[in-house]
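Note that my numbering has the sequence shown beginning at 526, numbered continuously upward. Worksheet: one structure, shown below.
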Amino acid sequence: MARRLGMDAVTNTDLDGLRAGDLATREAHLYRLLDRAHDFGDPAAVAALHALVRDYPDYHRSLYTRAMNQVDAFAAHTPKDTLREPLLAALADTRYNCQAWAAMGCAAVGVRDAVPKLISLLDHPQWMVVDEAVKALGRLGDASVVPALSPLLADDVDWVRLRAAEALANIGGPEALDALWHEFEHRRFARIGHIASALASFAPEVIPRLIAAAADPDPNRRYWAAVALGSTGDERVAPTLERLQAEDRGATVFDGEVRVAAKKAIRTLRRIQAAIAAREQRPG
Numbered sequence: 526m527a528r529r530l531g532m533d534a535v536t537n538t539d540l541d542g543l544r545a546g547d548l549a550t551r552e553a554h555l556y557r558l559l560d561r562a563h564d565f566g567d568p569a570a571v572a573a574l575h576a577l578v579r580d581y582p583d584y585h586r587s588l589y590t591r592a593m594n595q596v597d598a599f600a601a602h603t604p605k606d607t608l609r610e611p612l613l614a615a616l617a618d619t620r621y622n623c624q625a626w627a628a629m630g631c632a633a634v635g636v637r638d639a640v641p642k643l644i645s646l647l648d649h650p651q652w653m654v655v656d657e658a659v660k661a662l663g664r665l666g667d668a669s670v671v672p673a674l675s676p677l678l679a680d681d682v683d684w685v686r687l688r689a690a691e692a693l694a695n696i697g698g699p700e701a702l703d704a705l706w707h708e709f710e711h712r713r714f715a716r717i718g719h720i721a722s723a724l725a726s727f728a729p730e731v732i733p734r735l736i737a738a739a740a741d742p743d744p745n746r747r748y749w750a751a752v753a754l755g756s757t758g759d760e761r762v763a764p765t766l767e768r769l770q771a772e773d774r775g776a777t778v779f780d781g782e783v784r785v786a787a788k789k790a791i792r793t794l795r796r797i798q799a800a801i802a803a804r805e806q807r808p809g
């Protein structure tokens, strides 16, 4: 046995199972290690998985990607600093071609030193790298990354816009809110449900802005304001939504009706409130 990363000893059997045999056999062994780590916090399994992350060039990339897909199974059982350096190395390693999964690992472990490299990956030619970089910035970033994420709200690809909005919502703060609100006001795309959903996460401070937007002359703004208001889950928005449902006959550029949006928003509001009430009633 050998001691790894200051943890419990990892057995030769656990490591050999990641190195020997055909790829299908090694992948099956990896999944057993992940189960042991997740279900039992098995120190030997955790140590073997950490060895895989630390010495990643020595292992097939398929094993690395599968391990990173379930990184929470073993990352929680040890201080994040033990994985910091190998994750940063993999994030910059273009030959191993696992930067997307390294970004995933950095986000799960909380490696904030990865932020500058993650920003540089926003222009990566591989869509999955961009996807994971944006998501990781949403978990690791702060106000300083808002200028890098904001332009993605105008990206030609819809999923990029969605990820950017989600990341900004996760980051929070006035800078992220201003970036989202700017997109809400200028509306470079007809459908901005992702912006409405992201804005709702800034309740209660955003509610007065949204209520004002619900009275705007532009029916498109009223429509998306209604969608956002319903997603806040805040009872104070109910009178505005009820008024829109009863009185507003406006239509959007994509033939959506404001009153229909308000009706759906009221249902969303009630579902959120019911879910909150159910959680509060659970024992413990």
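Note that CB positions come from ideal geometry on N, CA and C, so glycine has one too. Here the structure is a predicted model, which is why all the values come from computation and not from measurement.
- Residue burial annotation: Val-654 is buried, with at least 16 other C-beta atoms found within 10 angstroms of its C-beta.
- Per DSSP, reduced to three states, the secondary structure at Glu-708 is helical.
- Looking from the CA of Leu-643, the closest CA among Leu-612, Ala-658 and Leu-559 belongs to Ala-658.
- Taking a contact as a CB-CB distance under 8 Å, the pair Leu-702 and Ala-689 does not count as one, their CB atoms being some 14 Å apart.
- Here Glu-708 is buried, its C-beta having at least 16 other C-beta atoms within 10 Å.
- Rounded to the nearest whole angstrom, the CA to CA distance from Pro-733 to Ala-790 is 17 Å.
- Taken atom to atom, the span from the alpha-carbon of Pro-650 to that of Arg-557 is near 34 Å.
- Secondary structure at Ala-545: coil, using DSSP grouped into helix, strand and coil.
- Contact between Val-636 and Leu-613 holds, since their C-beta atoms are separated by about 7 Å, short of 8 Å.
- Here the C-alpha atom of Leu-693 lies approximately 26 Å from the C-alpha atom of Gly-781.
- Counting only the Cα atoms, Trp-749 lies some 10 Å from Ala-715.
- Within a 10 Å sphere around the beta-carbon of Gln-624 sit 16 or more other beta-carbons, which makes this residue buried.
- Ala-723 and Leu-705 do touch by the CB rule: their CB atoms are close to 5 Å apart, below 8 Å.
- A check of alpha carbon separations from Phe-727 across Asp-743, Glu-691 and Glu-710 identifies Glu-691 as the nearest.
- Residue pairing by DSSP places Glu-782 opposite Ala-776 in a beta bridge.
- Here Glu-657 carries a helix assignment [DSSP, helix/strand/coil].
- Shown here, Arg-557 sits in a helix according to DSSP, grouped into three states.
- Boundaries of the alpha helix (DSSP H) harbouring Ser-587: 586 to 594, taken from the DSSP string.
- Remark: C-beta atoms of Ala-668 and Pro-641 do not approach each other more closely than 9 Å.
- Taking the Cβ atoms as the reference, Leu-674 lies roughly 12 Å from Leu-687, outside the contact range of under 8 Å.
- DSSP, reduced to helix, strand and coil, places Lys-642 within a helical segment of the structure shown.
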